[in-house]
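>
Okay, structure coming up:
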């Protein structure tokens, strides 16, 4: 998943809002000297030593190059949303009602997940909503075709070849069929939009049927909880809050360098906190958009969500949505 879950936002909104560390190199030109069909033949020979079933390898013969995937990979964002604009797409009255409805409808499952993994169930609901609107927007791209097209194109050949191999392993293990394997143009899939490599590391069978199906909410949410647990989520600390503060050059520098300071340090600036924190809890300053004059102090759980997606907009939105489920 990591930074590549960024691509799944295109399924829900056209969010060309924030520069990712994985932004397309638009000056890249494909230097492949062999045809698509020859490339597929070579790939099948290369993967034949990996103990795949014959039926799994035969999927390579059926691969179709998807030009649209390459266009999306290289597309220059036409505009950049400010944080307020981005937030309003998620945090509005209609979505708040939908969020609470889904939270209450799935309370038994969510409580079981929180008990097993030690992850705040509200975080799972927020991620579920932001990623796929509770499974309503899963993507319609054939994942194998997308990954193969991106690997053939060559801009990030090694990465997408590895993802393609992981995707074949998922099929080989029988978790679901090729026909079901649909997702974002960049290969993220399921209700929590995992990349195949993320699936292999963190996906878990929660319903006990010996298969891991991220297109079903129980396995998808359990896998999301397992991901957060493994990358360091601490259920004992609050994520943080929006603050009123006058930004100085010193504070801007502290923010840019992502320095964590104890609560007592921040209290020197006259901040009146809405939430209760241990005085030794470490917090850092996040300025999502210099034009919006909004400032947040966040805990280390914020960086756990950044591990899921490297966007301050994304992480702040996820946490602000959790506040809507406090009551």
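Residue numbers (the numbering used here): 1 to 327. Beta carbons: idealized from backbone N, C-alpha and C, even for Gly.
1. Could you say which of 231, 94 and 257 lies nearest to residue 304 if we only look at CA atoms?
2. For residue 360 and residue 325, which I take to be in contact (beta-carbon distance under 8 Å), what is that distance rounded to the nearest angstrom?
3. At what residues does the alpha helix (DSSP H) containing residue 109 begin and finish?
4. Between residue 188 and residue 195, what straight-line distance do the alpha-carbon atoms span, to the nearest angstrom?
5. DSSP has residue 283 in a bridge; who is on the other side?
6. Do residue 286 and residue 126 have their C-beta atoms closer together than 7 Å?
7. With a 10 Å radius around its C-beta and 16 neighbouring C-beta atoms as the bar for buried, classify residue 80 as buried or exposed.
8. Do you know whose CA, among 320, 172, 292 and 255, lies nearest residue 60's CA?
9. Measure from the alpha carbon of residue 129 to the alpha carbon of each residue in 265, 273, 220 and 179, then state which is nearest.
10. Ordered along the chain, which non-local residues of its own chain (more than five positions away) have a Cβ less than 6 Å from that of residue 140?
11. With a threshold of 8 Å, are at least 3 pairs of Cβ atoms found where one atom belongs to the segment 212–229 and the other to the segment 102–122?
12. Of the residues 164, 138, 152 and 213, which one's Cα is nearest the Cα of residue 193?
13. So, at 7 Å on beta carbons, what are the nonlocal neighbours of residue 53 in its own chain, with the 5 sequence-adjacent residues on each side left out?
14. Does the beta-carbon of residue 177 have 16 or more other beta-carbons within 10 angstroms, so that it is buried, or is it exposed?
15. For residue 235, count the other beta carbons within 10 Å of its own beta carbon; 16 or more makes it buried, fewer makes it exposed. Which is it?
16. Is the segment 253–268 close to the segment 198–205, with three or more CB pairs under 8 Å?
17. What are the boundary residues of the beta strand (DSSP E) that includes residue 298?
18. Going by CA-CA distance only, name the one from 62, 272, 253 and 218 that's closest to residue 242.
19. Here's the rule: buried if 16 or more other CB atoms are within 10 angstroms of the residue's CB, otherwise exposed. What is residue 120?
20. Which runs of the alpha helix (DSSP H) fall wholly inside the segment 96–182 and span at least 4 residues, in chain order?
If we stick to the structure as given:
1. Start at 1 with the first residue of the chain shown, and residue 304 comes out as number 304. Per the Cα distances, 231.
2. It is not possible to answer for residue 360, since the shown part of the chain is limited to 1 through 327.
3. Within the chain shown, the letter at position 109 stands for residue 109. Note, residue 109: alpha helix (DSSP H), 107–117.
4. Position 188 of the chain shown, counting from 1, holds the residue named residue 188. Position 195 of the chain shown, counting from 1, holds the residue named residue 195. So the alpha carbons of these two residues sit roughly 4 Å apart.
5. Residue 283 sits at position 283 when you count from the first residue of the chain shown. Paired residues: 261.
6. Within the chain shown, numbered from 1, the residue matching residue 286 stands at position 286. Within the chain shown, numbered from 1, the residue matching residue 126 stands at position 126. For the 7 Å CB-CB criterion, residue 286 and residue 126 do not form a contact.
7. As a position in the chain shown, residue 80 is number 80, starting the count at 1. The Cβ neighbour count for residue 80, taken over all protein chains shown within 10 Å, is under 16; the residue is labelled exposed.
8. Residue 60 sits at position 60 when you count from the first residue of the chain shown. Measuring from the Cα of residue 60, the nearest candidate turns out to be 172.
9. As a first step, residue 129 must be located in the chain shown, where it is residue number 129. Comparing alpha carbon positions, the residue from 265, 273, 220 and 179 closest to residue 129 is 220.
10. In the chain shown, the residue the question calls residue 140 occupies position 140. The residues are 182.
11. Yes, the segment 212–229 touches the segment 102–122.
12. As a position in the chain shown, residue 193 is number 193, starting the count at 1. Minimum Cα-Cα distance from residue 193 among the listed residues 164, 138, 152 and 213 corresponds to 138.
13. Your numbering for residue 53 matches position 53 in the chain shown. Taking C-beta separations shorter than 7 Å and ignoring five residues to either side along the sequence, the partners of residue 53 in its chain run 172, following chain order.
14. Your numbering for residue 177 matches position 177 in the chain shown. By the 10 Å Cβ count, residue 177 comes out exposed.
15. Sequence index remark: in the chain shown, residue 235 carries index 235 (1-based). Exposed, because fewer than 16 other Cβ atoms sit within 10 Å of the Cβ of residue 235.
16. Segments in contact, no.
17. Translated into positions along the chain shown, residue 298 becomes position 298. For residue 298, the uninterrupted beta strand (DSSP E) segment begins and ends at 295–298.
18. To locate residue 242, count along the chain shown from 1; it is residue 242. That would be 272, whose Cα lies nearest to the Cα of residue 242.
19. The residue given as residue 120 occupies position 120 in the chain shown. By the neighbour-count criterion, in which a residue is buried when 16 or more other Cβ atoms sit within 10 angstroms of its Cβ, residue 120 is buried.
20. Along the length of the segment 96–182, whole alpha helix (DSSP H) runs at least 4 residues long occupy 107–117, 121–132, 143–153 and 157–172, reported in chain order.
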